[in-house]
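To start, the structure under review is shown below, and the notes come after it.
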């Protein structure tokens, strides 16, 4: 399909920053031009292609049936436009851009009757409300919707024999994803947290530089990656240096690594001899398993491992190797959320195929996955050969069904790994150990890594140690971690994170009623503010000067104030038509007929979309 047959255009913002059209993300308007479409589109084929790479099954579009039953010629265009929005939102999310809602199709009209239609050959003009996120350039947004539009139309008309998914993935990898990834706003952990908040209907906002706010006013919380505002800066700094972290742990009477700092190969060899073989050699201030060498048992291996670690840090640790596996214990505000045993990347035997064949099959399946679902590829090299040899296997061996054939010695971000859920067998003493360690570093969110031969046995009985304390630990990397996200949200946010917000529309009568409601809430112990487009009154009725004008900006300022427990909005003009609503839920809306001005009907329609049920 040629570029001239379709086009995507963002409507001028004009100061619109808020909520509208029933969405629970702030919105912007996008215009989508489509060519003439067949009367009978292959919807089963289109949806099968889309579901082939969506992370979740395609939800039934609430208005899909309405468009279908309307009998209008524009129904195909409307239904296709919504699927384009679903696809674009998915691409944004996997690249760290939080489009958790696809949006809504607001209107579809014949392009021939549309004034100033951007494409003269287009047949349909679709208007969509889509999420608005500060920090994303219009060019990136348009590129993404253009890509999705072109592909949907191609899927609808391509020969049935064509391998659509492979071609689509190839274009994503070479053309689309590089631009999207360069515009990433949030880490994968931050996206998991925001996704969990969205599922629980907790309001959130992106505040720039990877920082997000969950909740409003006194129930609000800011986080960066997976670190929250209450995590100690000092504790985070100490935990980030493995030598200092171990010193803190030892001094607190907690089990920790025994190691030496070395800045030369000779000192590393001397430290290894003092500790005894085998040793672990790693950078002193890196994470994710970077530069770590295990099973180092000779001077020659020390030299190689030291050189590898020195590439990443000027300080290198030589550490006594203890037996066991690393267990990640996530602690949130003094509670253990999940425990996983972190195992090296491996292939699982089926009793019929060789290790080499199992690797080939897994890599074949790997290539069929969308790029964002692909873990690090399995590498057939000398290190994999050594790991197999250590358990009595070769690439030609046929592992028994359920037997794991390891291709690396330890789990790492670079090589990947697999997690085994251990929460059910975590010994209470080990649970208490992880909680004490997080508290020692004053962290409300911490990933405590315990090396143990058996996490069901108390640490003081089997020689287990705390290997690391991780600030901003990875969130939602595996099934166990993802399943724990609702519990994590409960620990972080009070309820749904919302404070009471009520709206009163009108002149003096509305203002008096809002004052009455404010006084009632204040007597109940709520720190309630009252605002209009001209003033801000605190809970004592004092006017609070603000360096912003208008109802929208005054409300947004109070949502960021952790002392605010409720807000009474007095709406006396049609400003919100120009800005959108400052919140996505209103607990009460009361309308008074005196002294109203502007386009009140449209504003009332918007307000009614957001009244709490």
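Numbering (UniProt numbering), first residue to last: 1 to 613.
The beta-carbon is built from N, C-alpha and C at its ideal position, and this holds for glycine as well.
Please read all numbers here as calculations on a predicted model, not as lab measurements.
Cβ-based burial, residue i [other Cβ within 10 Å; buried from 16]
i, result
"residue 661", "For the chain, the structure presents residues 1 to 613; residue 661 sits outside this window and is missing."
"residue 76", "buried"
"residue 132", "buried"
"residue 470", "buried"
"residue 247", "exposed"
"residue 341", "buried"
"residue 383", "exposed"
"residue 44", "exposed"
"residue 449", "buried"
"residue 107", "exposed"
"residue 364", "exposed"
"residue 159", "exposed"
"residue 310", "buried"
"residue 105", "buried"
"residue 534", "exposed"
"residue 520", "exposed"
"residue 263", "exposed"
"residue 605", "exposed"
"residue 359", "buried"
"residue 233", "exposed"
"residue 401", "exposed"
"residue 173", "exposed"
"residue 19", "buried"
Closest by C-alpha distance to residue i, when choosing among the options
i, options, result
"residue 348", "409, 312, 373 and 418", "418"
"residue 320", "442, 300, 296 and 340", "296"
"residue 372", "91, 253 and 137", "91"
"residue 453", "325, 58, 53 and 177", "325"
"residue 505", "561, 494, 568 and 548", "568"
"residue 483", "245, 196, 163 and 34", "196"
"residue 103", "86, 593 and 97", "86"
"residue 135", "174, 34, 211 and 435", "211"
"residue 416", "593, 346 and 546", "346"
"residue 647", "390, 412 and 388", "Any answer about residue 647 is impossible in this case: the structure gives the chain only from 1 up to 613."
"residue 590", "607, 310, 574 and 577", "607"
"residue 198", "359, 592 and 98", "98"
"residue 343", "304, 300 and 289", "289"
"residue 497", "329, 521 and 222", "222"
"residue 542", "219, 278 and 515", "515"
"residue 478", "50, 100, 80 and 339", "339"
"residue 255", "451, 508, 511 and 281", "451"
"residue 123", "475, 334, 447 and 37", "37"
"residue 79", "93, 56 and 125", "125"
"residue 588", "433, 571 and 83", "571"
"residue 333", "83, 434 and 427", "434"
"residue 127", "57, 170 and 8", "8"
"residue 213", "313, 492, 603 and 510", "492"
"residue 110", "33, 139 and 183", "33"
Contact set for residue i: own chain, Cβ-Cβ below 8 Å, skip 5 residues either direction
i, result
"residue 385", "394 and 395"
"residue 243", "259, 261, 284, 315 and 317"
"residue 558", "217, 529, 531, 536, 564 and 567"
"residue 176", "91, 143, 144 and 147"
"residue 185", "96, 97, 98, 133, 135, 136, 206 and 210"
"residue 356", "380, 395 and 396"
"residue 276", "320"
"residue 219", "493, 494, 495, 497, 498 and 499"
"residue 337", "330, 331, 484, 487, 488 and 491"
Contacting residues, own chain, Cβ-Cβ under 6 Å from residue i (five flanking each side not counted)
i, result
"residue 52", "165"
"residue 544", "536 and 538"
"residue 265", "303 and 306"
"residue 472", "225, 226 and 227"
"residue 89", "99 and 102"
Cutoff 8 Å: residue i Cβ touching any chain C Cβ
i, result
"residue 523", "Included in the structure is just one protein chain, with no chain C present."
Own chain, CB closer than 7 Å to residue i, minus 5 neighbours either side, in chain order
i, result
"residue 611", "586 and 589"
Pairing CB atoms from the segment 459-469 with CB atoms from the segment 526-539, are three or more of them under 8 Å? no
What are the complete beta strand (DSSP E) segments, minimum 3 residues, inside the segment 386-411? Uninterrupted beta strand (DSSP E) stretches at least 3 residues long and entirely within the segment 386-411 occur at 404-406, given in chain order.
I want to know whether the segment 189-201 touches the segment 400-418 - three or more CB-CB distances under 8 Å. no
Beta strand (DSSP E) segments (min. 3 residues) lying fully within the segment 218-288: 221-224, 259-262 and 279-283
Any chance the segment 411-426 sits against the segment 310-324, with 3 or more Cβ pairs inside 8 Å? no
Of all the beta strand (DSSP E) runs that stay within the bounds of the segment 520-568, which reach a length of 3 or more residues? Those beta strand (DSSP E) runs which fall completely within the segment 520-568 and span 3+ residues are 528-531.
On the three-pair Cβ rule with 8 Å, is the segment 359-372 touching the segment 431-442? no
In the segment 286-352, which residue ranges form an unbroken beta strand (DSSP E) of at least 3 residues, counting only runs that do not cross its ends? Runs found: 293-296, 316-320, 325-332, 335-344 and 346-348.
Is the segment 203-210 touching the segment 487-495, taking contact as three or more C-beta pairs under 8 Å? Segments in contact, no.
Taking 8 Å as the cut-off, does the segment 139-151 touch the segment 350-364 (at least 3 CB pairs, one atom from each stretch)? no
Touching by the beta-carbon criterion (3+ pairs, under 8 Å), the segment 580-589 and the segment 14-26: yes
Can you list the alpha helix (DSSP H) stretches of 4 or more residues lying completely in the segment 29-60, in chain order? 43-51
Please go through the segment 139-219 and give each complete alpha helix (DSSP H) segment of 4 or more residues, from N-terminal end onward. 164-171, 177-182 and 188-199
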